[in-house]
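Beneath this line is the structure, given in structure tokens, with notes to follow.
In the working numbering, the protein residues as written are 41 to 462.
Rendered as structure tokens:
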């Protein structure tokens with residue numbers, strides 16, 4: 041790792057979502073086939089999975105992200121070449137924060153795991169979580185290990201989960217690649233706390249503005265330099281903002297619950313309307329982690345900028361971003377660090393399967409201290425950590441370095457063979 045004071049000033053390219061994750065089709069092994077499978081979850085939702093195989097595989101590696109559907113993930117050719125089948129699955133709500141809750145995503149993953157065991161006949165399954173797929177895999181491992189009656193009964197928004205009625209076959213291994221600590225922890229670190237009015241996306245408290253030169257900001261290619269006292273106030277204000285949005289979400293749910301109760305007791309037409317109303321709200325300015333602009337903070341091989349690129353105005357004020365459009369239920373289940381169940385802090389200690397964790401040394405959403413924390417949280421006695429040069433999705437930050445996606449693919453293949461999966 042080069043020092044941020046001496047390294048060339050490189051600027052981040054956009055890697056959020058599926059950018060930079062697509063395979064090279066020339067690397068797919070000869071004889072690969074793909075079949076699509078329409079499944080129905082235990083709670084009645086339709087989901088689709090894609091099974092890649094060459095024939096005679098005993099084990100299948102399963103990729104799922106709660107929000108993205110990456111059928112052509114870069115690592116698929118390496119897995120097939122290693123001698124395992126590959127299952128790539130979407131949730132019921134790809135690209136959609138309005139319908140997504142991690143509790144329903146567990147149902148979606150469970151439908152895939154049950155199909156692979158019962159119908160496809162695979163003896164062993166391995167969950168491979170990339171980025172946000174990591175916390176989902178950890179949450180699944182935690183709940184699958186519990187007796188049905190001991191699984192989480194209600195979502196953070198209060199909905200019955202029905203997980204006690206779901207078949208949840210436990211996997212035999214887990215691979216985490218550029219996994220963060222959970223959507224809630226991710227957003228807590230990058231939400232802009234200088235917003236003074238949630239109904240006014242342009243409102244700014246100058247004392248907390250991360251993009252003000254007065255507070256240490258410098259545009260690319262220069263590194264910003266934030267003072268410790270500013271960072272302390274900034275982090276505290278981020279916590280306060282997330283808690284305020286939590287209160288808003290809970291108040292909206294309480295209002296709906298009260299209206300539903302009144303409507304059932306022969307209430308007014310207004311009660312019935314309010315009971316049926318499903319509010320949607322916007323969360324603006326969610327791309328402002330100081331570590332992305334001040335490269336001296338938790339230094340690494342990363343470039344200047346965020347997952348959304350190096351232009352902080354576009355990424356922070358634009359319409360596309362983390363948690364931009366939510367329901368109260370989706371906010372609490374997915375994006376609230378203080379309400380979500382799908383955090384590595386709560387789930388990773390319950391992973392008992394062998395684990396391979398790969399971190400990319402130029403990742404600008406998972407920083408070295410967070411990777412260290414995540415590895416320490418994993419409860420498995422058999423766990424391996426590997427550091428590979430690359431950005432969040434493994435592409436080389438330094439053009440003179442090898443493609444981290446291929447390095448990571450080789451490492452996963454070797455681990456699968458070592459553990460008897462391939």
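Don't be surprised by glycine CBs; every beta carbon is placed ideally from N, CA and C.
- Task: Determine the direct distance from the alpha carbon of residue 101 to that of residue 457, and round the result to whole angstroms.
- Result: Rounded to whole angstroms, the gap between the alpha carbons of residue 457 and residue 101 is 12 Å.
- Query: Starting from residue 433 and walking both ways along the alpha helix (DSSP H), at which residues does that stretch end?
  - Reply: Unbroken run through residue 433: none, as it is neither H nor E.
- How should residue 242 be labelled, buried or exposed, when 16 other C-beta atoms within 10 angstroms of its C-beta is the threshold for buried? exposed
- Item | residue 51 - DSSP class collapsed to helix/strand/coil | strand
- Under 8 Å between C-beta atoms of residue 176 and residue 106: yes
- Task: Using three-state DSSP, classify residue 331 as helix, strand or coil.
- Result: helix
- Ordered along the chain, which non-local residues of its own chain (more than five positions away) have a Cβ less than 6 Å from that of residue 423? 395
- Whole-angstrom distance between residue 331 and residue 274, CA atom to CA atom: 12 Å
- Query: Taking the C-alpha atoms as reference points, what is the distance between residue 244 and residue 236?
  - Reply: 6 Å
- Message: So the candidates are 449, 415 and 410; which of them puts its Cα closest to the Cα of residue 428?
- Response: Considering only alpha carbons, the answer is 449.
- Going by C-alpha distance, which of 98, 120, 65 and 92 is nearest residue 453? 120
- Query: Is DSSP giving residue 89 helix, strand or coil here?
  - Reply: strand
- Item | Nearest neighbour of residue 61, chosen from 390, 442, 435 and 391 [CA to CA] | 435
- Closest residue to residue 92 among 128, 66 and 84 (Cα-Cα distance): Looking at 128, 66 and 84, the one whose alpha-carbon comes closest to that of residue 92 is 128.
- What residues in its chain sit with their C-beta under 6 Å from that of residue 352, if we drop five residues either side in the sequence? 251
- Identify whether residue 446 lies in helix, strand or coil by the three-state DSSP scheme. helix
- Item | Cβ pair residue 329, residue 225 closer than 8 Å | no
- Whole-Å CB distance - residue 368 paired with residue 289, under 8 Å assumed: 4 Å
- Task: Give me whichever residues DSSP pairs with residue 104 in a beta bridge.
- Result: 129
- Task: Please name the residue, chosen from 94, 231 and 411, that lies closest to residue 75 on a Cα-to-Cα basis.
- Result: 94
- Query: Do residue 117 and residue 67 come within 8 Å of each other at the CB atom, strictly closer than that value?
  - Reply: yes
- Task: To the nearest angstrom, report how far apart residue 432 and residue 348 are at their CA atoms.
- Result: 11 Å
- Task: Starting from residue 423, follow its DSSP beta bridges and name the residues at the other end.
- Result: 395
- Query: Exposed or buried, which one is residue 268 when buried takes at least 16 other CB atoms within 10 Å?
  - Reply: exposed
- Query: With a CB to CB cut of under 6 Å and the five nearest residues on each side skipped, what residues in its chain are close to residue 315?
  - Reply: 299, 300 and 303
- Item | Through-space distance from residue 69 to residue 372, alpha-carbon basis | 42 Å
- In this structure, what does DSSP give as the bridge partners for residue 166? According to DSSP, which records beta bridges pairwise, residue 166 is partnered with 101 and 213.
- Report yes or no: do the stretch 438 to 448 and the stretch 201 to 214 share at least 3 C-beta pairs separated by less than 8 Å? Using a C-beta cut-off of 8 Å, the stretch 438 to 448 makes no contact with the stretch 201 to 214, since fewer than three inter-stretch Cβ pairs fall below that distance.
- Query: Which residue spans inside the stretch 173 to 207 form an unbroken alpha helix (DSSP H) run of at least 4?
  - Reply: 173 to 184
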